[in-house]
Each structure stands twice: as C-alpha cells, then as structure tokens.
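FYI, in my numbering the residues of the sequence shown are 7 to 506.
From the three backbone atoms N, C-alpha and C, an ideal C-beta is built for every residue, glycine too.
As the structure is a prediction and not an experimental result, all values here were calculated from the model.
Quick notes on the structure that follows.
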Amino acid sequence: MEHSRDCFASNWQLLKRNPELRKVLLAYGLQRATASLPDTFVLSVLRTKYWGYNMAAYASIMAIGINCVAILLGGPFGKISDRLDRRLAAGVVAVASFAPGWVLLVFGFTARGLWISTVVKVICAFGNTSNVMFALVSDATAVEDQDEAFGLAYASAHLIGLLMNGLPVLLVFTLKALPNNPVFFLALQWLMSILCLSVLSSLRLGQKGQETEKIQEADSQILTTGEAVNRDQEVEFDAGQSNSRSCNPLCMLMKQLLSPILLAARSPRLRRIIIATFLVRLSGSMTFDIGGQFFNQSLDLIQHGTDLDIVMVSVLEQIPGQLLSIPLSVITGHLAKSCGPLSLIRWMIPMCCVLMSAGALMAVVRHMWFIAVVTVCLNCAGMIHVPLMRLASGLAPPGRVGESLSAVGVAVEVASLLANGLVVGCNSVLINSGLFDPLWIYYPIGGLISLCALVPLAGTPPGGWGTESGEPMGQLLAIVYAHRAQAKWRRRIEYGVAQV
Numbered sequence: 007m008e009h010s011r012d013c014f015a016s017n018w019q020l021l022k023r024n025p026e027l028r029k030v031l032l033a034y035g036l037q038r039a040t041a042s043l044p045d046t047f048v049l050s051v052l053r054t055k056y057w058g059y060n061m062a063a064y065a066s067i068m069a070i071g072i073n074c075v076a077i078l079l080g081g082p083f084g085k086i087s088d089r090l091d092r093r094l095a096a097g098v099v100a101v102a103s104f105a106p107g108w109v110l111l112v113f114g115f116t117a118r119g120l121w122i123s124t125v126v127k128v129i130c131a132f133g134n135t136s137n138v139m140f141a142l143v144s145d146a147t148a149v150e151d152q153d154e155a156f157g158l159a160y161a162s163a164h165l166i167g168l169l170m171n172g173l174p175v176l177l178v179f180t181l182k183a184l185p186n187n188p189v190f191f192l193a194l195q196w197l198m199s200i201l202c203l204s205v206l207s208s209l210r211l212g213q214k215g216q217e218t219e220k221i222q223e224a225d226s227q228i229l230t231t232g233e234a235v236n237r238d239q240e241v242e243f244d245a246g247q248s249n250s251r252s253c254n255p256l257c258m259l260m261k262q263l264l265s266p267i268l269l270a271a272r273s274p275r276l277r278r279i280i281i282a283t284f285l286v287r288l289s290g291s292m293t294f295d296i297g298g299q300f301f302n303q304s305l306d307l308i309q310h311g312t313d314l315d316i317v318m319v320s321v322l323e324q325i326p327g328q329l330l331s332i333p334l335s336v337i338t339g340h341l342a343k344s345c346g347p348l349s350l351i352r353w354m355i356p357m358c359c360v361l362m363s364a365g366a367l368m369a370v371v372r373h374m375w376f377i378a379v380v381t382v383c384l385n386c387a388g389m390i391h392v393p394l395m396r397l398a399s400g401l402a403p404p405g406r407v408g409e410s411l412s413a414v415g416v417a418v419e420v421a422s423l424l425a426n427g428l429v430v431g432c433n434s435v436l437i438n439s440g441l442f443d444p445l446w447i448y449y450p451i452g453g454l455i456s457l458c459a460l461v462p463l464a465g466t467p468p469g470g471w472g473t474e475s476g477e478p479m480g481q482l483l484a485i486v487y488a489h490r491a492q493a494k495w496r497r498r499i500e501y502g503v504a505q506v
C-alpha cells in the first residue's frame, strides 16, 4: 500500500514539474475517447444489424484497408511530424479520427451511411501509425520523467474513455434520463472534438523537445555494430538524404515510403523492439478482431439479441478494462522507471501469454458478465505497450523521435494486417468445421505468439541496449563507447590541425 502511495505521489509531482504534459494528456485522452464514441454506441449496432454473421469478416476487410493506408503513409507522416509543428500533425490525426462519426450525421443511420463511414475510416487512416501523441508526450516531458509520463498517457486515455463511455451508459441505459438516440452520441462527439482541438492549439512546448534531442544525441554514440556508433554513419545517412532530393519523383516517393524499414535496418536496438512490438500486437489484434462476433455468438445474440444486448456487449468490451487500466498504466510506468523498461518487458511477456489464453473460457462460461473478465485480462496484457513505447522513444536517433515511433506504428499496422488476413481466411473454415464454438481457438494461439516476443529481446544487441533501457550493462556500454567515439573524433581533429 505504501509503495502504491509513493507511485501516485511521484506521478503527481511529475505533472507539477511538466505543466504542458497535462495538456498533452488531456488532448490524447479526448482524441482516443471521442474517436471511439461512435464505434461503441452507433456503429456497433449498425454493423450487427446490416452485416450480421459477416460482421467479423467485413470488419477485418475494413481493417485491412486501414492497415494498407497506414503502412504506406506512416513513414512520411512521421517525418512530417519531426520537421513541422508536432501540434499541427496531432490536430490532423485527431480530425481524421473524428471524421467517420461526422459522416453519419450527413448520410444517416442506414446501410449506405455505414458503408460510407467505413470508406472514410479507411481513407483517414494515414496517421494511425504516426504515434504523434506519444511524440508530443516525449516533447513535453523532461527526460528523467518519461517512463512515468508514458504510463500516464495510457492512463489518461483510459480515464477519459471511461468517462465518455460510462456517462452515456448511466444517463441513457441505467437512469433513462436521455433517449437512446444515435444523434445524441454524435453531437457529444462533435463537442468533444472541438475541445480536443482547442487544447492542442494551446500547447507551448518551448525548449523541452530540444533538450530531449540533446540527451538522445549523446546516447547515439553507442555502437550499432561491433565498433562504435560515430558520426560517420550519420553523415552517410545525411548524404543519402541529400542524394534522395536529386532523384526523380518516383525514387523520392519510394525512399519516403520505405523510410521506416531503412531506419530499423540501421539500428539493431530499435529493430529488436519493433519485432517484439509486432509479435505482441499480432496476438492482440487477433483476439480483438474476433471478440465482437465471438461474444455475440457465444451468447446467441446475433439472431435473438436486442439492440440493448448488443450495445451492452460493446460496452462490456471497453469499460471494465478501461477502469482497471487507469491505475495499471500508472503503476506500469512507475515500474518501468524503477526497474528499467527492458527488464519489465521481459517479465510481462509470459504474463501476457496466460492472460490472453484466458479468453477461450468464454466458450464454456457463456454469461454476459464474463465478457468483463475477458476484457480485463486482455487490457492487463496490453499494459506491455507502456514500456515498449517508452523504450522505442528512448532509442530513437536524435531529432527523429516521430519517425522512430512511426516505424513502430508501421510494424503494429503490419501485425494488424496479418491478423485481419488470418481472421478473414480462417473464420469461415472454423465456423464450418463443426467444432464447438470454434472461435475460442484464437485466444491460446494469440498467447503463444506473444510469448515469442521474448526471442528478439533475449541477449544484447551490438553496442548494448543504451542508457534508456535501464540495464546496468547498457549504461556501462554507453559510457565506454561514448569515450571511444570522443577519442576518435579528437584524433581526427588533431590530424586535421596537423595537416593545416
């Protein structure tokens, strides 16, 4: 209990030391919650009503389109967020995430409106891989506070999401103080979107981002090969960027689209984090994509369920997990600061395997309340993304935090794309196989895939994990290689002076 009090007291002091971080957390929570509001209360009913037994397949096809757009445009958008105003990039991402709900106000709550909203959702997925809000968190926070700040970012998203989803449930479904009208939910989304954009426009980051980049530049002296990382590699890369400007437009376009892959190829540490994130996300996407149909099918709601039952399933998929995720995100960030994000990730991966596999029990229990249990387990497993995102931000080359987080985001979208393809290809086979409620099999398979994330994180990459990993060996290697790089540059300078 005393440790928990220290944890929350430490986070409170963090918010006092970083005033702009409070605005970023509010904007991030509003953006996530406002974008999900139509999905919970409007689109879930429309998809069940018009798509029926094809709901999971159609949703996966939609997600494949979203993945393709996000993968293609993730790298360029990450570079834009690094080179232009990060607040502007965040605002563009926010508006794009709100657009599918706004479309329903124009085209109505019909099958046509549902399909148009789906197409808009695919088109507006260009910023899904950017992780621009996490880059804002990094810019607005002192380096020593960033472990806990990333935990607070997830906590704020869950807290505001809980309020945005919980209050309508209380007023509409429990107290019946307001009618169950989809227009009410979309009007609420419109008001919250204006508030989110207003908060983003009020951000004043100052020199915080520059301070972060200076410390990252010092850490970049760690070697990414058997020798030391030095400025030669960065000069070569800059020369490659300069040469890309002289290429024809098609060549420049391909270089921009492939920039996340090129960045990962040049950094063994970042590459390992990307692979681990890919595996964790692949397992999570499989269970998420199948969840709605699996729950409705287990409870026999597709043919015999009411609109209220379907909405309650959607609510139970979110609210219990969000409620528990608020303190868990804060605690996870505090643990990442205490024991190092890399050690915490290695400890959490086996736990993710067990928690994901527990979802298969829904095929046996078959009660509405057990949806909340499965949701809590999956949200607890998702806490591993807190140290993963923090480590990806810390391992970014100087001045390229947005691009590095975009590379991680591209890996996440590739994992989602693969998971959606598996769901589309395997769903019909499983349903027609004659097995007892066969969709349960996705959960233990997802658990085993997440366990494989231990493989890329085992051992030490060339040059160590760096100071941001929190490992003593990484910090030692950072000091040794920094001194070696400094000595090498001193010799070069002395040689240049002697030649003159």
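Boundaries (first-last residue) of the alpha helix (DSSP H) holding residue i
i: residue 145; result: 138-145
i: residue 172; result: 152-174
i: residue 64; result: 61-89
i: residue 402; result: No alpha helix (DSSP H) holds residue 402; DSSP gives it neither H nor E.
i: residue 43; result: 25-44
i: residue 375; result: 374-387
i: residue 196; result: 188-207
i: residue 120; result: 117-129
i: residue 341; result: 325-345
i: residue 422; result: 407-437
i: residue 455; result: 448-457
i: residue 183; result: Neither: residue 183 is in no alpha helix (DSSP H) and is coded neither H nor E.
i: residue 302; result: 274-304
i: residue 97; result: 92-113
i: residue 462; result: 460-463
i: residue 57; result: 50-57
i: residue 314; result: 313-322
i: residue 307; result: 307-310
C-alpha gap between residue i and residue j, whole angstroms
i: residue 185; j: residue 195; result: 16 Å
i: residue 27; j: residue 206; result: 11 Å
i: residue 75; j: residue 151; result: 34 Å
i: residue 130; j: residue 141; result: 20 Å
i: residue 283; j: residue 183; result: 43 Å
i: residue 298; j: residue 38; result: 19 Å
i: residue 165; j: residue 494; result: 50 Å
i: residue 324; j: residue 43; result: 11 Å
i: residue 511; j: residue 211; result: Nothing can be reported for residue 511, as the shown portion of the chain is limited to 7 through 506.
i: residue 231; j: residue 468; result: With a pLDDT of only 40 at residue 231, under 50, the local geometry of the prediction cannot be trusted, and the value read off the model is given with reservation. Cα-Cα distance, rounded: 5 Å.
i: residue 418; j: residue 64; result: 20 Å
i: residue 174; j: residue 181; result: 10 Å
i: residue 381; j: residue 497; result: 59 Å
i: residue 312; j: residue 120; result: 19 Å
i: residue 351; j: residue 339; result: 11 Å
i: residue 453; j: residue 265; result: 31 Å
i: residue 115; j: residue 126; result: 15 Å
i: residue 343; j: residue 349; result: 11 Å
i: residue 433; j: residue 333; result: 35 Å
i: residue 357; j: residue 374; result: 25 Å
i: residue 341; j: residue 154; result: 8 Å
i: residue 168; j: residue 326; result: 9 Å
i: residue 193; j: residue 321; result: 19 Å
i: residue 1; j: residue 439; result: No statement about residue 1 is possible, as the shown extent of the chain runs from 7 to 506 and does not include it.
i: residue 112; j: residue 49; result: 15 Å
6 Å Cβ shell around residue i - same chain, five flanking residues per side excluded
i: residue 386; result: 361
i: residue 79; result: 132
i: residue 279; result: 397 and 398
i: residue 330; result: 382
Close Cβ partners of residue i (< 7 Å) along its chain, the five nearest in sequence each way excluded
i: residue 14; result: 336
i: residue 461; result: none
i: residue 270; result: 276, 277, 280 and 413
i: residue 304; result: 368, 369, 372 and 443
i: residue 117; result: 56
Cβ distance (whole Å) where residue i is taken to contact residue j below 8 Å
i: residue 401; j: residue 275; result: 5 Å
i: residue 34; j: residue 392; result: About 13 Å separates the two Cβ atoms, so there is no contact after all.
i: residue 36; j: residue 201; result: 6 Å
i: residue 68; j: residue 128; result: 6 Å
i: residue 459; j: residue 307; result: 34 Å between Cβ atoms; not a contact.
Chain-order list of residues whose beta-carbon lies under 8 Å from that of residue i (same chain, five-residue window excluded)
i: residue 95; result: 83, 86, 87, 133, 136, 138 and 408
i: residue 70; result: 423, 426, 427 and 430
i: residue 309; result: none
Cutoff 8 Å: residue i Cβ touching any chain D Cβ
i: residue 321; result: Chain labels in this structure do not include chain D; a single protein chain is all it has.
Contact test: residue i Cβ vs the ligand HEM heavy atom, cutoff 7 Å
i: residue 159; result: Only the bare structure without any ligand can be found here, which leaves the ligand HEM out of the picture.
Touching by the beta-carbon criterion (3+ pairs, under 8 Å), the stretch 128-146 and the stretch 364-374
No: fewer than three Cβ pairs fall under 8 Å.
Stretch-stretch touch, CB-based, cutoff 8 Å, three pairs: the stretch 55-75 with the stretch 102-114
By the criterion of at least three beta-carbon pairs nearer than 8 Å, the stretch 55-75 is not in contact with the stretch 102-114.
Pair every Cβ in the stretch 296-310 with every Cβ in the stretch 445-460, then say whether three or more of these pairs are closer than 8 Å.
Under the 8 Å Cβ criterion, the stretch 296-310 counts as touching the stretch 445-460, having at least three qualifying pairs.
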